[in-house]
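Protein chains in written order, with the numbering used here: chain A, 996 to 1286; chain B, 996 to 1286. This report concerns only the one structure given below.
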């Protein structure tokens, strides 16, 4: 910010400053075998179904597509699924994929086939997890989502404890010569229905991560916030906007849900991250702002 | 905030702290004669039409109803309209009204008939406006919306200039022995399409007002933000959420617009202003959270 900028309150909010001028990455969540129809399509090798899901999310404004075949019991089975899924999807959409697995064999199989810069989803604070994921990040030059949780701590209740895990992950990155701009920290969301502070704890963790590691990125799947509440979409959208305001760099969500992409691009315009509302108006012209 | 509260970032954001634990006032905007159908109903003294508009907004979650007969050319005409409108509305809804006029005769006519604590909409930084409105605020024990604008300055471009007008209004209040908890400052919104900073300037002004006058309240009609943009509702809802986060106490809007009240109550729950999501769940049970 220049010294003459009237918006000096932004100085206190590192997330806003860092996010300024950049559009948030939208990671489409729909190709996930925890969804029954997707699981069936993967089992049947139904390429039309998968390619249709990929196209619909891309058309709605996704900038990455998450690909999950976690219902596969064995690494060999998950690797075979990825071997089929990755080229099938990238044949129809020009988007990088988020490879949703913690296992070495499926990930390496996918990374060998992947075009562009992939993202691994995910590593966590466990040494074993980092020993599996970080060599792949280095070898294939991809990025990774890092959960601020571990086997020992689970999802810690406080932002301090989550930040401590982020610090451990950052330290380990240095050993592998991985720069933090390839790490998307996930501050992790617990439901609001169990504790009214859970939304604020998430946002506080996000801001602290951005403050301590300005070069690192942040990501989350946000919908857990509304677990157990009625009219979940209102809670999810409001939480999405508050997270963008706090500087979140990427979100895992359903881009085809009415209004979601519109509200993301609107929030960026409101935060003055979209000069002359250019991206917002362009997205409207591409039919991506249905509300 | 207690010293052990982990959410220490809130300390830097006075708006959040002040707003904590309170629900935002929702001022229904629909009884306004700039809308053709309302103007016709007022001319025709069509009580069913007006009472229906009042009921619908109350049912949707309004906590105040704005009443505007500003199409009336003469004060006597506007006073006669208010004389008919105020009892007609309060006969069917148990809500206080926001009397939308700057003229003495219509306002005093309405205030004499009004049940409960009314709000005047509005006073501004002009001495003449304050000389008209403040004696009524004092005499009838009502509150007033104070625009941070004046004839001389218009709507100033910077938050500093708007704050300066708020200071002048606050000084004048003291002369009339009006306490600032009866003043709802409106930081005023200019369209995002003319300057990408206009959303941030509004929020900055809001925060500075809350900081300098912690006992005063803030209000705005927000929809001007999206003037000239496509998919206006996405911009309006995102801006509403960012304004609530900054500590706004009241908003003038259409509560019957799908999702609007749901997203207000969801945001309050996310800011931990709604213990155990009680208001949110109650609003859902009353059918007020359609999304």
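Here a beta-carbon is modelled for each residue, glycine too, at the ideal position from N, C-alpha and C. In this text the structure is predicted, and so the values were computed from the model without any measurement.
For residue i, the residue or residues it bridges with in DSSP
i, result
"residue 1180 (chain B)", "B:1141, B:1213"
"residue 1116 (chain A)", "A:1140"
"residue 1094 (chain A)", "A:1062, A:1115"
"residue 1021 (chain A)", "A:1246"
"residue 1149 (chain A)", "A:1145"
Pick from the options that is closest to residue i, judged by C-alpha positions
i, options, result
"residue 1282 (chain B)", "B:1257, B:1123, B:1225", "B:1257"
"residue 1202 (chain B)", "B:1241, B:1224, B:1210, B:1189", "B:1241"
"residue 1142 (chain B)", "B:1022, B:1119, B:1173, B:1157", "B:1119"
"residue 1126 (chain B)", "B:1225, B:1099, B:1137, B:1111", "B:1099"
"residue 1181 (chain A)", "A:1117, A:1087, A:1058, A:1048", "A:1117"
"residue 1136 (chain A)", "A:1109, A:1159, A:1276", "A:1109"
"residue 1031 (chain A)", "A:1066, A:1230, A:1196", "A:1066"
"residue 1208 (chain A)", "A:1215, A:1247, A:1168", "A:1168"
"residue 1178 (chain B)", "B:1105, B:1113, B:1029, B:1211", "B:1211"
"residue 1284 (chain B)", "B:1268, B:1259, B:1267", "B:1259"
"residue 1017 (chain B)", "B:1244, B:1074, B:1055, B:1138", "B:1244"
"residue 1189 (chain A)", "B:1278, B:1267, B:1224, B:1171", "B:1267"
"residue 1223 (chain A)", "A:1160, A:1191, A:1175, A:1128", "A:1191"
"residue 1074 (chain B)", "B:1086, B:1087, B:1107", "B:1107"
"residue 1039 (chain A)", "A:1048, A:1102, A:1076, A:1213", "A:1076"
"residue 1165 (chain B)", "B:1139, B:1154, B:1092, B:1146", "B:1139"
"residue 1175 (chain B)", "B:1239, B:1132, B:1148, B:1254", "B:1132"
Three-way DSSP call (helix, strand, coil) for residue i in this model
i, result
"residue 1254 (chain A)", "coil"
"residue 1173 (chain B)", "coil"
"residue 1281 (chain B)", "coil"
"residue 975 (chain B)", "Look at the range of chain B in this structure, 996 to 1286, and you will see that residue 975 (chain B) is not part of it."
"residue 1190 (chain B)", "coil"
"residue 1076 (chain A)", "helix"
"residue 1268 (chain B)", "coil"
"residue 1132 (chain B)", "helix"
"residue 1107 (chain B)", "helix"
"residue 1123 (chain B)", "helix"
"residue 1102 (chain A)", "helix"
"residue 1081 (chain A)", "helix"
"residue 1004 (chain A)", "With a pLDDT of 34 at residue 1004 (chain A), under the threshold of 50, the modelled position of this residue cannot be trusted, and the question is left open."
"residue 1086 (chain B)", "coil"
"residue 1158 (chain A)", "helix"
Cβ-based neighbour list, residue i, same chain, cut-off 8 Å, excluding 5 preceding and 5 following
i, result
"residue 1219 (chain A)", "1184, 1185, 1186"
"residue 1237 (chain B)", "1194, 1198"
"residue 1162 (chain B)", "1207"
"residue 998 (chain B)", "Interpretation of residue 998 (chain B) is limited by its pLDDT of 33, a score under 50 that renders its predicted location unreliable; the figure taken from the coordinates is listed afterwards. Correct list: empty, nothing qualifies."
"residue 1042 (chain B)", "1083"
"residue 1071 (chain A)", "1100"
Cβ-based neighbour list, residue i, same chain, cut-off 7 Å, excluding 5 preceding and 5 following
i, result
"residue 1010 (chain A)", "Residue placement at residue 1010 (chain A) is flagged as unreliable, the pLDDT there being 36, under the threshold of 50; a coordinate-derived value is accordingly withheld."
"residue 1052 (chain A)", "1023, 1025, 1060, 1250, 1251"
"residue 1090 (chain B)", "1053, 1057, 1058, 1059, 1060"
"residue 1034 (chain A)", "1028, 1066"
"residue 1055 (chain A)", "1250, 1251, 1256, 1283"
"residue 1157 (chain A)", "1143, 1151, 1182, 1183, 1200"
"residue 1234 (chain B)", "1194, 1217, 1220"
"residue 1264 (chain B)", "1272, 1275"
"residue 1064 (chain A)", "1028, 1037, 1073, 1076, 1077, 1080"
"residue 1261 (chain A)", "1275"
Neighbouring residues, chain E, relative to residue i (Cβ below 7 Å)
i, result
"residue 1232 (chain A)", "The chain labelled as chain E is not found among the protein chains of the depicted structure, namely A and B."
Cβ-based neighbour list, residue i, same chain, cut-off 6 Å, excluding 5 preceding and 5 following
i, result
"residue 1036 (chain A)", "1044, 1045"
"residue 959 (chain B)", "This structure cannot settle anything about residue 959 (chain B), because the visible part of chain B is limited to 996 through 1286."
Go through the segment 1026–1067 of chain A residue by residue and report every complete run of the beta strand (DSSP E) that reaches 3 residues or more, in order.
1059–1063
Can you list the beta strand (DSSP E) stretches of 3 or more residues lying completely in the segment 1193–1252 of chain A, in chain order?
1212–1216, 1245–1248
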